[in-house]
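Participant:
In mature numbering (1 follows the signal peptide of the UniProt record, and there is no 0), the protein residues as written are -20 to -1, 1 to 236.
1) For the putative contact between residue 231 and residue 130, defined by C-beta atoms under 8 angstroms, what is the C-beta separation to the nearest angstrom?
2) Where does residue -10 sit, in a helix, a strand or coil, going by DSSP?
3) Give the single residue among 225, 233, 236, 234 whose Cα lies nearest to the Cα of residue 105.
4) Go ahead and pull the three-state DSSP assignment for residue 158.
5) Could you tell me whether the Cβ atoms of residue 171 and residue 146 are closer together than 7 angstroms?
6) Round the Cβ separation of residue 218 and residue 142 to the nearest angstrom and send it over; I've been treating them as touching at under 8 angstroms.
7) Would you kindly work out how many angstroms separate the C-alpha atoms of residue 161 and residue 85, rounded to a whole number?
8) Near residue 196, what residues of its chain come up, given a Cβ to Cβ distance below 7 angstroms and the 5 sequence neighbours on each side ignored?
9) Under three-state DSSP, which class holds residue 73?
10) What are the start and end residues of the beta strand (DSSP E) that includes residue 235?
11) Spell out a yes or no on whether the segment 106 to 120 and the segment 188 to 195 are touching, meaning 3 or more CB-CB pairs, one atom from each, closer than 8 angstroms.
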């Protein structure tokens, strides 16, 4: 055998044992995975779970170790800034008229006590009062309010006679004064053509009335009276009031 062949045979004998040892080592060794294939956010990849043996390794280094477990949720982010106003929408379709409602009730508010009737009547049977000047009859009345009006009425037989033209006047007074709100309450009888003598046959008694409203009379006790007197610029005649019949004064308080 040549010297070269002897050397190659010696090297071969030395290399065989070393190959066997290296092969035995590789049987119990797991090859590390390629780190570039499972890095960063690879925890979200399926079948990628980290094992206790992976301490010190990256969260996900090998699919051979199973899938990585998902970590705890992070802190919620803050609300963003409000967005800008959008473009105004187009006007909607006009609505239809609704059904006609029922007729409502008329309600009036009352801020004070309701008006209570207040009236009085004084009456005489056959008064037969023959004076020509002075008070004929009177009747007292209690007026409840100052802002009200008094309606007065005298009803009875009146008569006037004279030789020449004459005039007599019957009128009301309130506490001794004639009405000024707005004017006196009165009635007259005028006789132009008389008889030659006062006891002539022209002697007519007729039931007549004196009536009107008077304002401005204060509240309280009011003396309402009927008087007889003369007319302006005319002489008086022979007057008679309440002959052979009933005479009456009626007083009523009215709201303004």
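In this text, a Cβ means the ideal position worked out from N, Cα and C, and glycines have one as well.
Facilitator: On the basis of the data shown:
1) With a Cβ gap of about 6 angstroms, residue 231 and residue 130 count as contacting.
2) helix
3) 225
4) Residue 158 falls in the coil class under three-state DSSP.
5) Cβ distance < 7 angstroms, so residue 171 and residue 146 count as in contact.
6) 6 angstroms
7) Within the model, the alpha-carbon separation for residue 161 versus residue 85 is close to 39 angstroms.
8) 160, 161
9) coil
10) 226 to 235
11) no
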